[in-house]
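Here the structure is laid out as structure tokens; the discussion comes afterwards.
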Amino acid sequence: MKRILITGAAGFLGSHLSDRFIKEGYDVIGMDNLITGDLGNIEHLFPLEHFTFYHHDVSTFVHVPGKLDYILHFASPASPIDYLKMPIQTLKVGSLGTHNLLGLARVKNARLLIASTSEVYGDPLVNPQPEEYWGNVNPIGPRGVYDEAKRFQEAITMAYHNYHGLETRIVRIFNTYGPRMRVNDGRALPAFFSQAIENKDITVFGDGKQTRAFCYVDDLVEGIYRLLLSDYHLPVNIGNPDEISILQAANEVVELVNGSTSKIVFKGLPKDDPKVRRPDITKAKEILGWTPKVDRMEGLAKTYEYFKKKLDKS
Ligand code: UDP
294 MKRILITGAA
304 GFLGSHLSDR
314 FIKEGYDVIG
324 MDNLITGDLG
334 NIEHLFPLEH
344 FTFYHHDVST
354 FVHVPGKLDY
364 ILHFASPASP
374 IDYLKMPIQT
384 LKVGSLGTHN
394 LLGLARVKNA
404 RLLIASTSEV
414 YGDPLVNPQP
424 EEYWGNVNPI
434 GPRGVYDEAK
444 RFQEAITMAY
454 HNYHGLETRI
464 VRIFNTYGPR
474 MRVNDGRALP
484 AFFSQAIENK
494 DITVFGDGKQ
504 TRAFCYVDDL
514 VEGIYRLLLS
524 DYHLPVNIGN
534 PDEISILQAA
544 NEVVELVNGS
554 TSKIVFKGLP
564 KDDPKVRRPD
574 ITKAKEILGW
584 TPKVDRMEGL
594 AKTYEYFKKK
604 LDKS
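Quick note: the sequence shown uses the working numbering, first residue 294, plus one each step.
Shown next as structure tokens:
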């Protein structure tokens, strides 16, 4: 039986990945320090024989007894609001945390996949963004703590690959959505859904003309699964290239939320907010045979069901 360590397992992506690897018949060790993660996302896994959970901060030395075949490093605050609130922890988990996991991967002879991000492209001057694009990042702006941690994470991962011959994989994750996103993480879709469900004003930042391309979580998990098992060690974009304006996203959410009386209001645009973002997924198609399958209306409907239940309970 293959054994995999997933850091950030109680988070949005980490919990879906834990589900997937359990389903594939792996022994899964979830690790999380729970600063942004939620045990509710993985409580259904606790009774399973092949799931173990460690409450641990990977920025300090990581010890896992026994063998490991794979490590997925998904621990990090990941929404602009979160990493503004926790700038030092964000820098540490991307740098020190990654270093610890690289060391662990070496002693265990495990393959490590790190969660990188479209934020490595910053406020891109090229659209869509291919993996060869180096990006346009402000290191000392509000997003710098996340962007530079992730850029360093890629650099140290490549160094371990090149110098130590470690088996590594790098996924650059574009905007992803779906059930288990935190209601109050400040991201556009959770904000719009909770505002529309509660008939509050929908807060669109700037003029709403900035674009994003939203990938449904199941598609993302499939791409990551394929990348981990592939033999390709350079970065691969995984995301849905269906690019829309944020204003359109807000309108779609309000339309979907039956009977919502919310009105759109425009607020100031946060500093360094990327004006455009869209993945070039040629590599994922060619190397992994992967394309996203879930269209936005279907994905948004499933996400709506989740937020409706979540907000009903609170
Ligand atoms: N945004 C918005 N209203 C909100 C939250 C976000 O208009 O209540 C905008 C944000 O300024 C950005 C886009 O939506 O242009 C996507 O933001 P998100 O935080 O989801 O992720 P990002 O892609 O910026 O990392």
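All residues carry an ideal CB built from backbone N, CA and C; glycine is no exception.
Would you check whether the ligand UDP has a heavy atom nearer than 7 Å to the C-beta of residue i?
i: G479; result: yes
i: I466; result: no
i: S555; result: no
i: D535; result: no
i: V497; result: yes
i: I574; result: no
i: R571; result: no
i: P563; result: yes
i: R475; result: no
i: A398; result: no
i: P528; result: no
i: Q503; result: yes
i: I608; result: Since the first residue shown for the chain is 294 and the last is 607, residue 608 is missing from the structure and cannot be characterised.
i: D312; result: no
i: A484; result: yes
i: S487; result: no
i: D566; result: yes
With the cut-off set at 8 Å, would you say residue i and residue j are in Cβ contact?
i: G450; j: I407; result: Note that residue 450 is Thr in the sequence shown, not Gly. Result yes, Cβ atoms of T450 and I407 sit closer than 8 Å.
i: L332; j: A303; result: yes
i: F600; j: F486; result: yes
i: D573; j: P423; result: yes
i: T461; j: H366; result: no
i: R505; j: N468; result: yes
i: V357; j: I335; result: no
i: E515; j: R571; result: no
i: D325; j: G307; result: yes
i: D478; j: D375; result: yes
i: N393; j: V438; result: no
i: G434; j: D565; result: yes
i: V476; j: K603; result: yes
Find the nearest neighbour of residue i within the set the options, judged by alpha-carbon distance.
i: H526; options: G396, P421, I463, H348; result: I463
i: I297; options: F486, Y347, L377; result: Y347
i: K443; options: G428, Y456, T554; result: G428
i: M241; options: F467, K560, P483; result: Past the edges of the chain, shown from 294 to 607, lies residue 241, and the structure says nothing about it.
i: L520; options: T329, T584, H356; result: T584
i: P384; options: V357, V514, V351; result: Residue identity differs from the one stated: residue 384 is Leu in this sequence, not Pro. Per the Cα distances, V351.
i: N544; options: P472, I557, N326, P534; result: I557
i: T353; options: Y376, F344, G390; result: G390
i: T596; options: N402, Q488, V497, G471; result: G471
i: L397; options: I381, K360, L418, Q382; result: K360
i: P380; options: Y426, I328, H343, S409; result: I328
Using only the alpha-carbon positions, how far apart do residue i and residue j sit?
i: V569; j: Q541; result: 14 Å
i: L581; j: G387; result: 26 Å
i: G458; j: P373; result: 34 Å
i: T554; j: K316; result: 41 Å
i: R404; j: V430; result: 29 Å
i: M294; j: P340; result: 19 Å
i: L549; j: I490; result: 10 Å
i: A448; j: K560; result: 36 Å
i: L338; j: A452; result: 35 Å
i: N420; j: P567; result: 11 Å
i: V587; j: D524; result: 26 Å
i: Y363; j: K493; result: 44 Å
i: I466; j: I517; result: 9 Å
Any beta carbon of chain C sitting closer than 8 Å to that of residue i?
i: T496; result: Of the protein chains in the structure, only one exists, and it is not chain C.
Is there at least one non-hydrogen atom of the ligand ADP closer than 7 Å to the beta-carbon of residue i?
i: S372; result: No copy of the ligand ADP appears in this structure; the ligands present are the ligand UDP.
Worksheet item: Contact between the stretch 411–425 and the stretch 528–535: three or more CB pairs below 8 Å?
Response: The stretch 411–425 makes contact with the stretch 528–535: 3 or more CB pairs, one atom from each, lie closer than 8 Å.
Worksheet item: Using 8 Å as the Cβ pair cut-off and three pairs as the minimum, do the stretch 499–512 and the stretch 583–598 touch?
Response: A contact exists between the stretch 499–512 and the stretch 583–598.
Worksheet item: Is there contact here, the stretch 499–509 with the stretch 533–551, by at least three beta-carbon pairs under 8 Å?
Response: Flag = yes, the stretch 499–509 and the stretch 533–551 touch.
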